[in-house]
DNA sequence: ATCTTATTTTGATTAAAATCAAAAACTGTA
DNA sequence: TACAGTTTTTGATTTTAATCAAAATAAGAT
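Residue numbers (our numbering), protein chains in the order written: chain D, 1 to 239; chain A, 1001 to 1239.
Listed below in structure tokens is the structure:
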């Protein structure tokens, strides 16, 4: 799995190296361990739609997205897809698999657009953890955060409706970047829909409602948040 | 929080001690560390409905249920409750909180029936982890399992319907115990409903359907699985 | 450009489950 | 046993979002 599109050894640009050095996954390691991990790491270059790994398959790597974005998703027998999360540059994924029975991952990962992913050797990674409880604590913190996120997600799915989930998603996405109130959707809307567990038609209608209420405006593939306070109010009152 | 109903120091029956010794949470520790954890542990005796801790409050303990059962649940501003999971004797909970920002737990815990819970000192626990990477690995394995369970739960909530969730729940509950096909619900049905994210009325109707189909029978607060193969078939075909 | 394809929106309809309301079945207690 | 309370079931109705179907829009290729 995931071996066809690999370049090794890794030659990384400096800004990528410093991105990685700051990753919560790696920052607790010594410089030496960090270098050794990089030496053994592989770059996966994926075309849009290309799979990185499939559910049920054991993984020998822990991943960090370097460019593009990766969807992590479940698939039912009938072919229905549910996107659990979307990893963007700097974000790690499949780190919990390293401690799972048989290292089997229960999810699929595929590129939503042309992407580069770095895969660290899981055995080597575990080896370094064995020598360093402080690194273990760093990883345990990461796993704890992951659990917290999933608990909140269950919360949103069970106690809140589709509109709430979309508004929450918009405000979350809005948190990170460059102050301006414009969110660029760099993936098709049906991807956002799957991420939010609604049908594309429903997402379209909800966006229309919010537009009609004067809370957002839509143009191209960008959503401008007109009334952030109003959106925030929707999260506390309704849902 | 959680200090009113505490007996300390702990005096435990032998079978409880051996239950604890086998807990995935504790088994990686040395006998000495295990004893020291027990020395600092507190027993919480809870009446039915009594809270163990509330969301938003920092926790200084990691818990294992000794008797009775504990519901772990979210609560919305409007007072709607969603039970995430139910801990029965031997099961640990709130172990991830120990690595969270400010040790803040985002869930509530309360007794579903008269219960005893042992709370280990989280600081001491972390201290022992610092001395032992192998214990860390044990905990990371536990956290990884927790993540896996939550991912599956998201899966069931988004890709499957209420009937699927109930049938899955019945078969999961059936896995553990003493071969016989009778599941005793030792909690009110509305608790099961909340756990499955359906309304009590809906649960009642689904149980009726399954009964009409000859898959189960209901009497008292027991569900007898008549056609286990038929139930399993429902998980693969429909959902 | 034009044609082709994929994505998104809109409208009409359906389905699953929630809600509302009330009856029935239990529980425990006096 | 009768009574007061809770829990569960049943029935009628509504709501939310899914589904089905088709039009509109956007994106790519020739």
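Beta carbons: idealized from backbone N, C-alpha and C, even for Gly.
Under 7 Å from the C-beta of residue i: neighbouring residues of chain D
i: residue 1147/A; result: 96, 143, 146, 147 and 150
i: residue 1100/A; result: 144 and 148
i: residue 1197/A; result: 158
Between the CA atoms of residue j and residue i - distance to the nearest angstrom
i: residue 1041/A; j: residue 1227/A; result: 45 Å
i: residue 126/D; j: residue 30/D; result: 14 Å
i: residue 1189/A; j: residue 1025/A; result: 30 Å
i: residue 197/D; j: residue 83/D; result: 8 Å
i: residue 229/D; j: residue 1216/A; result: 51 Å
i: residue 92/D; j: residue 200/D; result: 27 Å
i: residue 36/D; j: residue 63/D; result: 16 Å
i: residue 167/D; j: residue 98/D; result: 34 Å
i: residue 1210/A; j: residue 1194/A; result: 19 Å
i: residue 1162/A; j: residue 19/D; result: 44 Å
i: residue 1080/A; j: residue 158/D; result: 10 Å
i: residue 70/D; j: residue 1122/A; result: 36 Å
i: residue 1222/A; j: residue 1117/A; result: 26 Å
i: residue 1033/A; j: residue 17/D; result: 40 Å
i: residue 1138/A; j: residue 1028/A; result: 6 Å
i: residue 1129/A; j: residue 208/D; result: 52 Å
i: residue 1155/A; j: residue 1044/A; result: 34 Å
i: residue 1173/A; j: residue 1206/A; result: 17 Å
i: residue 192/D; j: residue 65/D; result: 19 Å
i: residue 1113/A; j: residue 1202/A; result: 24 Å
i: residue 1120/A; j: residue 1061/A; result: 5 Å
i: residue 102/D; j: residue 58/D; result: 7 Å
i: residue 1089/A; j: residue 1165/A; result: 23 Å
i: residue 1236/A; j: residue 12/D; result: 45 Å
i: residue 1023/A; j: residue 1142/A; result: 11 Å
i: residue 220/D; j: residue 21/D; result: 36 Å
i: residue 276/D; j: residue 124/D; result: In this structure chain D extends from 1 to 239, so residue 276/D is not present and cannot be described.
i: residue 1144/A; j: residue 1132/A; result: 18 Å
Buried versus exposed call for residue i [16 or more other C-beta atoms within 10 Å across all chains shown]
i: residue 993/A; result: The shown model of chain A, from 1001 to 1239, leaves out residue 993/A, and the question about it has no answer.
i: residue 1015/A; result: exposed
i: residue 85/D; result: buried
i: residue 1175/A; result: exposed
i: residue 1214/A; result: exposed
i: residue 1146/A; result: buried
i: residue 232/D; result: exposed
i: residue 1049/A; result: exposed
i: residue 1184/A; result: exposed
i: residue 1003/A; result: Confidence at residue 1003/A is low in this model, with a pLDDT of 43, below 50, so the placement of that residue is unreliable and no value is reported for it.
i: residue 1180/A; result: exposed
i: residue 1225/A; result: buried
i: residue 134/D; result: exposed
Start-to-end residues for the alpha helix (DSSP H) that takes in residue i
i: residue 1208/A; result: 1200 to 1212
i: residue 237/D; result: 228 to 237
i: residue 1174/A; result: 1162 to 1175
i: residue 158/D; result: 133 to 159
i: residue 15/D; result: 14 to 21
i: residue 1031/A; result: 1031 to 1040
Extent of the continuous beta strand (DSSP E) to which residue i belongs
i: residue 53/D; result: 51 to 53
i: residue 113/D; result: 108 to 121
i: residue 85/D; result: 81 to 87
i: residue 1194/A; result: From DSSP, residue 1194/A is part of no beta strand (DSSP E) but of the alpha helix (DSSP H) over 1189 to 1195.
i: residue 1185/A; result: Segment: none, residue 1185/A is in no beta strand (DSSP E) and carries neither H nor E.
i: residue 1215/A; result: Neither: residue 1215/A is in no beta strand (DSSP E) and is coded neither H nor E.
i: residue 1075/A; result: 1061 to 1075
i: residue 1025/A; result: That residue, residue 1025/A, is in no beta strand (DSSP E); it is neither H nor E in DSSP.
i: residue 224/D; result: 222 to 225
Proximal chain D residues relative to residue i, where beta-carbon distance stays under 9 Å
i: residue 1241/A; result: Since the first residue of chain A shown is 1001 and the last is 1239, residue 1241/A is not available in this structure.
i: residue 1190/A; result: In chain order: nothing, as chain D lies at least about 15 Å away.
i: residue 1130/A; result: 133, 134, 136 and 137
Chain A contact residues for residue i, given Cβ-Cβ distances below 8 Å
i: residue 52/D; result: Correct list: empty, because the minimum Cβ distance to chain A is about 17 Å.
i: residue 107/D; result: 1151
Closer than 7 Å: residue i CB and nearest the ligand FMN heavy atom
i: residue 1146/A; result: Questions concerning the ligand FMN fall outside what the structure shown contains, since it holds no ligand whatsoever.
Interface residues of chain D facing residue i [CB-CB closer than 8 Å]
i: residue 1084/A; result: 151 and 154
i: residue 1031/A; result: Here the premise fails: no neighbours, minimum Cβ distance about 20 Å.
Chain A contact residues for residue i, given Cβ-Cβ distances below 7 Å
i: residue 253/D; result: This structure cannot settle anything about residue 253/D, because the visible part of chain D is limited to 1 through 239.
Inter-stretch contact (C-beta, 8 Å, three-pair minimum) for the segment 49 to 57 of chain D and the segment 102 to 110 of chain D: Cβ pair count under 8 Å is three or more, so yes.
Stretch pair the segment 1142 to 1154 of chain A + the segment 1060 to 1076 of chain A: three plus CB contacts closer than 8 Å: Short answer: they don't touch.
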